[in-house]
Every structure is written in structure tokens, then in C-alpha cells.
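S.K.: So in numbering that gives the first Met the number 0, spot 243 of the sequence shown is number 242, and the numbers just go up one at a time.
All C-beta atoms, glycine included, are put in the ideal place defined by N, C-alpha and C.
Take this structure, written in C-alpha cells, and hold onto it; I'll ask about it next.
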Amino acid sequence: MTRLAAMVSWLQGTRARLFWLCLCGVVLALGQPPFQAIMLAYPALVIAIFILTSSKRFFLEGWIFGTAFFATSLSWIVSPFMVEPWRHGWMAPFALLFMAAGLALFWAVAIRVTKRLPMRPFAIALTLSIAELARGYVLTGFPWGLIGTMWVDLPVMSLAAWIGTYGVTFLTMIAAAMAANALFNKGRWTAVVWIFLPVVALLGAGSLRQGVVVDRVQPYVRLIQPNAPQHLKFQREFALRNFEEAMALTAEPSDQIIDVVIWPETSMPFWVDQAEFALLELSDRANGAHVLIGANRREGRGVYNSLLVVDPNGQISSIYDKEHLVPFGEYLPFSESLSALGINGIAAFEDYGYRHGTSNPILDLGAAGRALASICYEAVFPQSMRQSEPRPNWIAHITNDAWFGKFTGPQQHLVQTRLRSIELGLPIARAANTGISAIIDANGDVLGSVELNKQGRLDMALPPPFAPTLYSKWGELPLLIGIFLLGMAIWYRKRRVFH
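Next up, the structure:
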């Protein structure tokens with residue numbers, strides 16, 4: 000018996016298989032920021048597909064693999080519950096467990112579907128890709144930490160301009176399936192070649208992309224990072240002092256004329272309807288620049304998480320209300336029933352949370368061009384950001400990442416934002432309360448930033464936008480065509496097997 004055959008035989012044991020799939024899930028998660036251990040994560044994906052190819056407990060093994068991945072990559076999700084631990088802390092472990100186990104159901108179902116399919120490694124790649132796409136849409140969607148994200152700092156990620164991050168995830172799955180298939184059928188040394196050959200091909204394909212600059216709208220932007228800890232953010236004395244410190248950052252002299260000043264999400268410590276004098280003072284400190292600032296806004300009985308555009312006269316010229324809210328964070332599904340049990344939205348007002356906005360996200364800033372407004376969690380969703388018309392010149396993203404902890408959460412959120420710049424071919428000005436505030440070019444590269452958990456500002460001219468990308472025009476259509484073609488190949492093979 001060869002070593003490979005012996006390994007396959009040993010892996011037939013249920014406990015061993017579950018252990019290795021759990022380990023593969025954990026190691027695969029290390030491909031996500033801030034670790035981005037691709038040399039570990041990609042082989043872990045190959046090994047997981049190799050193990051799943053000979054599965055006899057499809058649903059269970061897929062679920063264990065997924066739960067380990069999501070529990071590791073989303074470990075930051077306990078952070079929001081620890082802002083007020085006496086109120087929400089008891090929910091933290093349950094939130095992580097239920098989130099990981101729930102998202103893993105997508106993978107479990109995907110693996111179960113392959114039970115009677117031929118070309119098993121490729122069938123797994125197909126169904127897992129569909130599962131990753133589905134979790135971006137089902138039940139409001141949560142496409143955080145897609146497998147393809149591991150390539151963000153390599154040329155491979157440039158392919159997102161053509162096929163999106165979902166498409167890069169699909170190609171990653173196919174590459175891993177090719178390696179797993181070689182490992183299963185062709186022996187150890189051939190498999191080693193196949194593990195790295197698809198990666199080399201992906202790197203080469205990604206390096207072919209060259210963005211074409213289409214206009215020279217390059218406003219000079221000042222980003223403000225107040226660095227207000229979430230547990231102090233709305234305590235009156237601290238909030239007023241922090242607001243004044245941020246105003247001082249706004250007023251600091253610059254070698255260049257500032258066109259736009261951007262403050263983070265919910266950084267104004269007043270209700271909008273009570274902020275007339277504060278906005279006049281802010282406009283005066285901005286010295287003629289437009290100011291984009293996040294604020295809580297009341298309208299009737301509703302509360303909105305808003306981005307205000309304050310013109311050089313101190314008047315609000317535009318308002319964008321956040322549309323894609325965080326379930327159980329900014330609003331509470333089944334609010335009346337859950338509130339009766341003492342469960343409330345973490346960032347909720349009046350226990351029931353924010354209202355969904357319906358305003359146009361395109362902000363006309365005159366000579367500073369058209370900006371696409373994006374608030375916090377909205378930057379995670381490529382499908383919603385690409386649908387904005389007319390096409391913006393740049394993206395203004397404001398966020399309060401104090402909710403996401405001080406390590407993995409904010410860094411993963413920054414990477415989600417970088418992916419949007421690649422997919423849409425647009426530069427991004429990102430203002431984050433505790434960081435990471437950054438200027439990002441249309442290739443997804445960070446040109447300048449303010450360090451995480453530090454107060455400060457960043458002055459920089461926005462780089463120019465590129466021509467509309469294939470993804471911005473066609474969205475997931477190229478991916479769906481690829482899924483269809485692979486599905487047809489598997490179906491054709493199945494027909495031949497049974498005939």
C-alpha cells in the first residue's frame with residue numbers, strides 16, 4: 000500500500016476526518032486579513048476538497064468545515080457585545096456560535112448536493128461557489144470574508160474588475176479542485192505541481208489588467224479620524240470634547256486648498272435638527288470646503304443613520320440615509336417579540352433600531368465631482384454599490400469601526416472596501432472613527448492612511464477613476480455563465496455515467 004493510499008484509508012475514520020476538516024477550516028480562515036497566510040490557506044482548501052471528495056457524511060462534514068472557518072474568521076463579532084458587557088455581554092458567545100453555525104449551513108447544503116454527482120472535486124467547487132454567492136443575498140445577505148478575499152494584495156484580485164469578488168472565489172475553488180483532483184487520482188508529486196500551477200495562472204491573468212483613466216476629477220480631501228472609543232462615544236462630556244478635537248483637526252492649515260472634509264459615521268454628537276449652530280461652526284472651520292459628516296437624524300417617529308453634505312455656507316445641501324442596515328445591530332427583526340425577552344439591537348434607538356433609508360446615494364459636490372455615499376456595512380455588498388446611476392467619480396465611505404474591535408474586524412472591513420474600488424474602478428475616501436481611515440486608488444491599493452486606534456487627519460488628492468469595469472456593467476453575469484458551463488459539464492458527465 001502506498002503512502003497516499005494509507006493516508007486515504009486513515010482518513011476514512013469519522014473522527015479523523017472531522018478533525019482534519021475542522022483544522023482545514025481554521026487554517027483557511029488565516030487567509031483572511033490581517034493574517035493573509037495564503038501559503039497555508041490555499042493548501043488547506045485543497046486538502047479540505049480532497050477529504051470531502053471521499054465523504055460519506057456530506058452534510059456533517061461540510062458543516063464542520065464551514066463552522067470552523069466562520070468561527071475563526073468572524074471571531075471579531077463578539078466585540079460589539081462587549082461595548083456594554085453588563086447589557087449585551089451574555090450574548091457574545093452565542094452570537095459567534097450561531098453566526099458561524101448558521102453560515103456553515105450554506106456550505107453543508109452545498110456539500111450534501113454533491114452526493115450523487117460525478118467529478119466530485121469540481122462538483123464541490125461548483126456548489127461551494129454557489130453557496131458563497133447565496134450567502135451574499137439570502138436573509139439580507141452577509142458576504143463578509145469570501146474565500147477570494149485572500150488574494151487582495153496579489154495581482155489575482157485585479158480579476159475582480161471583470162468578475163467581482165464572487166467570481167474570484169469561483170476561480171479559487173476551481174483551482175483548488177484541480178489540485179485536489181490530481182491529489183486524489185494522480186499521486187503525490189503530480190498533485191504538488193497542480194497545487195501551484197493554477198495559482199501561477201491566476202497570478203498571470205490578474206496582472207494583465209490595466210485601468211484606463213477616464214477623467215481628472217481629483218478633489219483634495221481631508222479625512223478626520225476622531226478615535227472615540229465606543230463605550231465613551233455618546234457620553235456627553237467626552238462627546239463634546241472629542242467633537243471639539245475633531246473640529247480642531249478640521250481647521251488645521253494645509254499646503255493645498257481642501258475641497259472636501261470627511262468625518263466618520265455618527266461623528267456629530269447632536270441630532271441633526273438641533274445642530275444648526277454646530278454645522279455653521281463646522282463649515283467655518285472647514286474654510287470653504289464641503290463637509291461630509293455622519294449623524295443621527297430624526298424624521299417623524301423614525302431614526303436614520305445619515306451622511307450629511309454641508310455646503311460652504313453651513314447649510315445641509317444633501318442627505319443620504321443608510322439603506323442596508325445591520326440586522327440585530329442597527330435594527331431588530333421581530334423587534335416587539337424579542338424586546339419583550341430583553342433582546343435589543345446593539346446600536347438601536349428606542350429599542351427598535353434605525354429605519355432603512357431610501358435616498359439617492361449619489362452626492363453632487365460641484366467641482367469635487369459626484370461621490371457615491373456608503374455608510375459602514377454597506378461597503379460589504381458589491382451588488383448594491385455597482386447599481387448607482389449616474390456613475391460617480393469616487394466613493395465616500397464613512398464608518399464607525401469602533402464596534403468591530405481593535406484588531407481583525409477593522410482590518411477586514413478595510414479590505415472589503417478595497418475590493419469595491421477594484422470591482423468598480425473607483426477611488427475611495429474612507430473616514431473611520433477609530434480607523435482605518437484611508438485613501439484608496441482604483442486598483443484597491445491604499446495610498447495613505449491613519450493608523451488604527453489613533454486620532455489624526457489625512458490630507459491627500461484623490462487618484463483618478465478608471466473607465467467602467469466589466470463587473471460594474473454586468474455584475475455577476477460572467478460568474479453565472481461560468482457556473483452554468485461547469486454545471487453542464489458535470490451534468491453531461493453524469494448522463495454518460497448512467498447511460
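On the DSSP bridge assignment, give the partners of Thr398 in chain order.
M.R.: Counting from one through the sequence shown, the residue named residue 398 turns up at place 399. DSSP lists Ala431 as partners of Thr398.
S.K.: Do the region 26 to 34 and the region 77 to 96 make contact, defined as three or more Cβ pairs closer than 8 Å?
M.R.: Touching, no.
S.K.: Once you ignore the five residues that flank Val131 on each side, which residues in its own chain have a CB closer than 7 Å to its CB?
M.R.: On the sequence shown, residue 131 is found 132 positions in, with the first residue counted as 1. This sequence places Glu at residue 131; Val is not what is there. Excluding sequence neighbours, Glu131 sits near Leu145, Ile146, Tyr165 and Thr168.
S.K.: Leaving out five residues before and five after Ile223 in sequence, what residues of the same chain have Cβ atoms less than 8 Å from its Cβ?
M.R.: Taking the first residue of the sequence shown as 1, we reach residue 223 at position 224. Cβ neighbours of Ile223 beyond the five flanking positions: Ala245, Leu248, Thr249, Val260, Ile261, Trp262, Pro263, Ser266, Ala430, Ser436 and Arg456.
S.K.: Suppose the cutoff is 8 Å on Cβ atoms and the five residues either side in sequence are ignored; what does the same chain contact list for Leu418 look like?
M.R.: The sequence position of residue 418 within the sequence shown is 419, counting from 1. Only Thr148, Val151, Met156, Ala159, Thr164, Pro381 and Gly443 meet the Cβ criterion.
S.K.: For the beta strand (DSSP E) holding Ala372, just list the boundary residues, first then last.
M.R.: By one-based count along the sequence shown, residue 372 stands at place 373. That run of the beta strand (DSSP E) goes Arg369 to Ile374.
S.K.: Tell me the DSSP secondary structure of Glu422 in three-state form.
M.R.: Within the sequence shown, numbered from 1, the residue matching residue 422 stands at position 423. In this structure, Glu422 counts as helix in the three-state DSSP scheme.
S.K.: Are Ser373 and Ala395 touching if we call contact CB-CB under 9 Å?
M.R.: Residue numbering aside, residue 373 sits at position 374 when the sequence shown is read from its first letter. Residue numbering aside, residue 395 sits at position 396 when the sequence shown is read from its first letter. Contact: yes.
S.K.: Pick from Val108, Met459, Asn432 and Asn452: whose alpha carbon is nearest that of Val445?
M.R.: Looking up residue 445 in the sequence shown gives position 446. Here the closest residue by C-alpha is Met459.
S.K.: How about Pro326 and Leu138: are their beta carbons less than 9 Å apart?
M.R.: Here residue 326 refers to the residue found at position 327 when the sequence shown is read from its first residue. Here residue 138 refers to the residue found at position 139 when the sequence shown is read from its first residue. Contact flag set, yes.
S.K.: In terms of residues, what are the limits of the beta strand (DSSP E) holding Arg456?
M.R.: Along the sequence shown, read from residue 1 onward, the residue named residue 456 stands at position 457. Where Arg456 is concerned, the enclosing beta strand (DSSP E) stretches over Gly455 to Ala460.
S.K.: What do you get for Ile256, buried or exposed, if any count of 16 or more other CB atoms within 10 angstroms of its CB means buried?
M.R.: Against the sequence shown, residue 256 aligns to sequence position 257. Ile256 should be labelled exposed.
S.K.: Who are the near neighbours of Gln229 in its chain, counting only those whose CB is closer than 7 Å to its CB and skipping five residues on each side?
M.R.: As a position in the sequence shown, residue 229 is number 230, starting the count at 1. Counting only Cβ-Cβ distances below 7 Å, and skipping sequence neighbours, we find Val82, Ala401 and Trp402.
S.K.: On the CB-based measure, 16 or more other CB atoms within 10 Å of its CB, does Gln35 come out buried or exposed?
M.R.: In the sequence shown, residue 35 corresponds to position 36, counting from 1. When all chains shown are included, Gln35 counts as buried.
S.K.: Does the Cβ-Cβ distance between Leu364 and Leu371 come in under 9 Å?
M.R.: Stepping through the sequence shown from its first residue, residue 364 is reached at position 365. Stepping through the sequence shown from its first residue, residue 371 is reached at position 372. The answer is no: Cβ separation not under 9 Å.
S.K.: I need the straight-line Cα distance from Val216 to Leu461, nearest angstrom please.
M.R.: Here the question's residue 216 lines up with position 217 in the sequence shown. Here the question's residue 461 lines up with position 462 in the sequence shown. In a straight line, the C-alpha of Val216 is about 8 Å away from that of Leu461.
S.K.: For Ala274, which residues from the same chain have a beta carbon less than 8 Å from its beta carbon, with the 5 sequence-adjacent residues on both sides left out?
M.R.: Taking the sequence shown and counting its residues from 1, one reaches residue 274 at position 275. Hits under 8 Å: Met267 and Ala294.
S.K.: Under a Cβ-count criterion, where at least 16 other Cβ atoms within 10 Å of its own Cβ denotes burial, should Thr13 be classed as buried or exposed?
M.R.: Position 14 of the sequence shown holds residue 13. Label assigned to Thr13: exposed.
S.K.: Quick one: measure Cβ to Cβ for Thr52 and Pro120, integer angstroms, because I've assumed they're closer than 8 Å.
M.R.: Counting from one through the sequence shown, the residue named residue 52 turns up at place 53. Counting from one through the sequence shown, the residue named residue 120 turns up at place 121. The Cβ separation is near 5 Å, so the contact holds.
S.K.: Am I right that Leu73 and Ala99 are in contact with their C-beta atoms under 8 Å? What's the rounded C-beta distance?
M.R.: For the purposes of this step, residue 73 is taken as residue 74 along the sequence shown, with counting starting at 1. For the purposes of this step, residue 99 is taken as residue 100 along the sequence shown, with counting starting at 1. 6 Å between Cβ atoms; contact.
S.K.: Taking DSSP as the reference, what is the three-state secondary structure of Ile439?
M.R.: For the purposes of this step, residue 439 is identified with residue 440 of the sequence shown, where counting begins at 1. Strand.
S.K.: Considering only C-alpha positions, which residue in the set Ala70, Pro32, Ala441 and Arg240 is nearest to Ala227?
M.R.: Sequence index remark: in the sequence shown, residue 227 carries index 228 (1-based). Taking only the C-alpha atoms, the option nearest Ala227 is Arg240.
S.K.: Under the assumption that Ile48 contacts Ala107 (Cβ atoms under 8 Å), give the Cβ distance between them as a whole number of angstroms.
M.R.: For the purposes of this step, residue 48 is taken as residue 49 along the sequence shown, with counting starting at 1. For the purposes of this step, residue 107 is taken as residue 108 along the sequence shown, with counting starting at 1. Actually they do not touch by this definition, with Cβ atoms about 15 Å apart.
S.K.: Measure the Cβ-Cβ separation of Leu306 and Lys321 and say whether it is below 9 Å.
M.R.: Locating residue 306 in the sequence shown gives position 307, where the first residue counts as 1. Locating residue 321 in the sequence shown gives position 322, where the first residue counts as 1. Yes, these two residues count as a Cβ contact at 9 Å.
S.K.: With H, G and I counted as helix, E and B as strand and the rest as coil, what does DSSP make of Ile76?
M.R.: As a position in the sequence shown, residue 76 is number 77, starting the count at 1. Helix, per DSSP.
S.K.: In chain order, which continuous runs of the beta strand (DSSP E) of length 3 or greater are located wholly inside the region 79 to 110?
M.R.: Complete beta strand (DSSP E) runs here, min 3: none at all.
S.K.: How many angstroms separate the CA atom of Ser358 from the CA atom of Gly368?
M.R.: By 1-based counting over the sequence shown, the position of residue 358 is 359. By 1-based counting over the sequence shown, the position of residue 368 is 369. Computed Cα separation, rounded: 19 Å.
S.K.: Helix, strand or coil for Ile361 per DSSP?
M.R.: Counting from one through the sequence shown, the residue named residue 361 turns up at place 362. In this structure, Ile361 counts as strand in the three-state DSSP scheme.
S.K.: Smallest Cα separation from Met177: which of Leu231, Ser387 and Ala122?
M.R.: The residue given as residue 177 occupies position 178 in the sequence shown. Nearest option by C-alpha distance: Ala122.
S.K.: Considering only the beta carbon of each residue, do Gly434 and Glu422 sit closer than 9 Å?
M.R.: Working through the sequence shown from its first residue, we reach residue 434 at position 435. Working through the sequence shown from its first residue, we reach residue 422 at position 423. Contact: no.
S.K.: Tell me Gly287's beta-bridge partners as DSSP assigns them.
M.R.: Working through the sequence shown from its first residue, we reach residue 287 at position 288. Answer by DSSP bridge pairing: none, since Gly287 is not bridged.
S.K.: Using C-beta distances below 6 Å, list every residue in its chain close to Leu479, excluding the 5 sequence neighbours before and after it, in chain order.
M.R.: Sequence index remark: in the sequence shown, residue 479 carries index 480 (1-based). Result list for Leu479: empty, nothing under 6 Å.
S.K.: Run through the region 268 to 325 for me and flag every whole beta strand (DSSP E) of 3 or more residues, listed as ranges in chain order.
M.R.: Counting whole runs of 3 or more residues, the region 268 to 325 contains the beta strand (DSSP E) stretches 289 to 298, 301 to 309 and 315 to 320.
S.K.: According to the Cβ coordinates, are Leu278 and Gly313 closer than 9 Å?
M.R.: Here residue 278 corresponds to residue number 279 of the sequence shown, with the count starting at 1. Here residue 313 corresponds to residue number 314 of the sequence shown, with the count starting at 1. Contact: yes.
S.K.: Looking at the structure shown, is Ser336 part of a helix, part of a strand, or coil, going by DSSP?
M.R.: By one-based count along the sequence shown, residue 336 stands at place 337. Since pLDDT at Ser336 reaches only 49, below the 50 mark, its modelled position is unreliable, and the value read off the structure follows with that caveat. Correct three-state label for Ser336: helix.
S.K.: Where Phe18 and Ile46 are concerned, what is the direct C-alpha to C-alpha distance, given to the nearest angstrom?
M.R.: On the sequence shown, residue 18 is found 19 positions in, with the first residue counted as 1. On the sequence shown, residue 46 is found 47 positions in, with the first residue counted as 1. If I take the Cα positions, the gap works out to 12 Å.
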